[in-house]
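Enquirer:
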Ligand SMILES: [Mn+2]
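In the numbering used here, the protein residues as written are 198 to 521.
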């Protein structure tokens with residue numbers, strides 16, 4: 198059953214102890230949506246904790262205060278458990294059981310999925326980011342929107358639209374951006390950090406990408422093994438920009454990266470140009486996401502076979518979708 202945001206706002210207002218969760222390997226929208234909600238609950242004098250286990254990237258740490266994040270779950274006495282931007286149980290990581298077994302769990306999301314349903318669920322794929330939904334929710338909660346909240350919403354919105362260039366960008370994306378600016382969001386600094394700050398490590402990783410990407414017809418891809426990551430002293434999250442970078446290439450309609458995050462475990466990240474669907478491809482590997490940006494995680498012993506499997510799946514899916 199789908200609940201209204203108004204119901205959820207009321208429920209949160211009634212709760213005094215709240216736990217907030219988002220997806221593993223958090224991206225900007227995961228961080229923006231969960232933390233904006235965290236500060237909103239705090240301003241209503243709620244006792245609120247936010248659980249994120251993954252270590253944030255250097256860039257992410259410039260945008261959010263990582264010291265408020267908790268990673269050890271010891272206390273189950275919350276009135277409400279809320280997840281933001283989480284489309285499936287698996288993406289809750291170590292908090293999966295805690296969240297699913299909670300008495301009052303609330304799912305707020307913008308993926309077209311029905312793999313995670315809470316006692317209360319608001320899921321609306323027409324929003325380009327979950328942060329936009331959280332922004333509406335916060336308004337319904339009658340929270341005073343601070344510059345900090347406006348900045349976090351903007352971080353999530355900008356992240357999921359890739360600065361308003363992904364095909365999911367719509368009028369509400371721009372309207373929310375306008376509102377974030379109006380409420381004092383630090384747009385200039387956020388843009389500087391997200392799009393104009395490249396660490397030396399990122400430059401090295403980009404160099405690796407440009408030297409090692411491959412193409413097959415209109416598909417571009419890059420495989421990164423654990424050995425390579427270790428050699429570059431990098432983590433999977435540091436390579437998250439690979440698929441977005443590759444999709445911008447002329448003549449490329451589908452791009453992906455396969456990054457080995459632990460021995461024989463690969464994270465796939467897909468991007469497509471307008472008119473091409475990568476969500477259906479990711480879902481063939483047990484993942485999901487959006488038409489233009491999707492991902493999956495899987496175990497595979499042989500990297501060459503994995504690559505073959507991905508390329509075959511892309512072809513098969515295109516036949517099914519009737520894409521040229
Ligand atoms: Mn999102």
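Built from N, CA and C at the ideal position, the CB exists for glycine as well.
Just to confirm the assignment, what range does the alpha helix (DSSP H) spanning residue 425 have?
Expert: 423–428
Enquirer: Cβ of residue 448 within 8 Å of any heavy atom in ligand 2?
Expert: As far as ligands go, the structure on display features ligand 1 and does not contain ligand 2.
Enquirer: Go to residue 281, then tell me how far its alpha helix (DSSP H) extends in each direction, as first and last residue.
Expert: Per DSSP, residue 281 lies in no alpha helix (DSSP H) segment; the continuous beta strand (DSSP E) that holds it begins and ends at 277–281.
Enquirer: Mapping DSSP to helix, strand and coil, what is residue 209?
Expert: In the three-state reduction of the DSSP assignment, residue 209 falls in the helix class.
Enquirer: If you compare alpha carbons, which of 304, 214 and 406 is closest to residue 272?
Expert: 214
Enquirer: Do residue 403 and residue 442 have their beta-carbon atoms positioned less than 9 Å apart in this structure?
Expert: yes
Enquirer: Any chance the CB of residue 492 is under 8 Å from a heavy atom of ligand 1?
Expert: no
Enquirer: Look at the Cβ atom of residue 254, then the Cβ atom of residue 434, and state whether they are nearer than 9 Å.
Expert: yes
Enquirer: What are the residues that DSSP puts in a beta bridge with residue 459?
Expert: 462
Enquirer: Note down, one range per segment and in chain order, each alpha helix (DSSP H) of at least 4 residues found wholly within the segment 248–332.
Expert: 255–260 and 293–297
Enquirer: Since residue 457 and residue 421 should fall inside the 8 Å C-beta cutoff, what is the C-beta to C-beta distance between them, to a whole number of angstroms?
Expert: 7 Å
Enquirer: Measure from the alpha carbon of residue 430 to the alpha carbon of each residue in 405, 317 and 314, then state which is nearest.
Expert: That would be 405, whose Cα lies nearest to the Cα of residue 430.
Enquirer: Considering only residues of the same chain and omitting the five flanking positions on each side of residue 489, which have a CB-CB separation below 6 Å?
Expert: Short of 6 Å from the beta carbon of residue 489, and not among the five residues preceding or following it, lie these beta carbons of its own chain, in chain order: 363, 364 and 469.
Enquirer: Among 229, 504, 205 and 412, which has the Cα closest to the Cα of residue 319?
Expert: 205
Enquirer: Checking the sheet assignment: what are the DSSP bridge partners for residue 215?
Expert: 245 and 277
Enquirer: Kindly indicate the opening and closing residues of the alpha helix (DSSP H) around residue 432.
Expert: For residue 432, there is no enclosing alpha helix (DSSP H), as DSSP marks it with neither H nor E.
Enquirer: Between the alpha carbons of residue 518 and residue 451, how many angstroms are there, rounded?
Expert: When rounded, the separation of the alpha-carbon atoms in residue 518 and residue 451 is 14 Å.
Enquirer: Using only Cβ atoms and a threshold of 5 Å, which residues come within that distance of a heavy atom of ligand 1? Order them by chain position.
Expert: 226, 282, 327 and 357
Enquirer: So what does DSSP say about residue 486, is it helix, strand or coil?
Expert: For residue 486, the secondary structure class from DSSP, reduced to helix, strand or coil, is strand.
Enquirer: Would you say the segment 222–231 touches the segment 345–353, given that touching needs at least three Cβ pairs under 8 Å?
Expert: yes
Enquirer: Please determine, among 398, 345 and 491, the residue with the shortest C-alpha to C-alpha distance to residue 436.
Expert: 398
Enquirer: So, helix, strand or coil for residue 353, using DSSP?
Expert: Correct three-state label for residue 353: helix.
Enquirer: Return helix, strand or coil for residue 384, following the three-state DSSP convention.
Expert: helix
Enquirer: Run through DSSP, which three-state label would residue 492 get?
Expert: strand
Enquirer: Leaving out the 5 sequence neighbours to the left and right, which residues in its chain are closer than 7 Å to residue 460 when beta-carbon positions are compared?
Expert: 423.
Enquirer: Nearest CA to the CA of residue 377: which residue from 259, 347 and 356?
Expert: Between residue 377 and the set 259, 347 and 356, the nearest pair of CA atoms involves 347.
Enquirer: Can you say whether residue 439 is buried or exposed, counting buried as having 16 or more other CB atoms within 10 angstroms of its CB?
Expert: buried
Enquirer: Whose C-alpha, out of 462, 256 and 300, is nearest the C-alpha of residue 498?
Expert: 462
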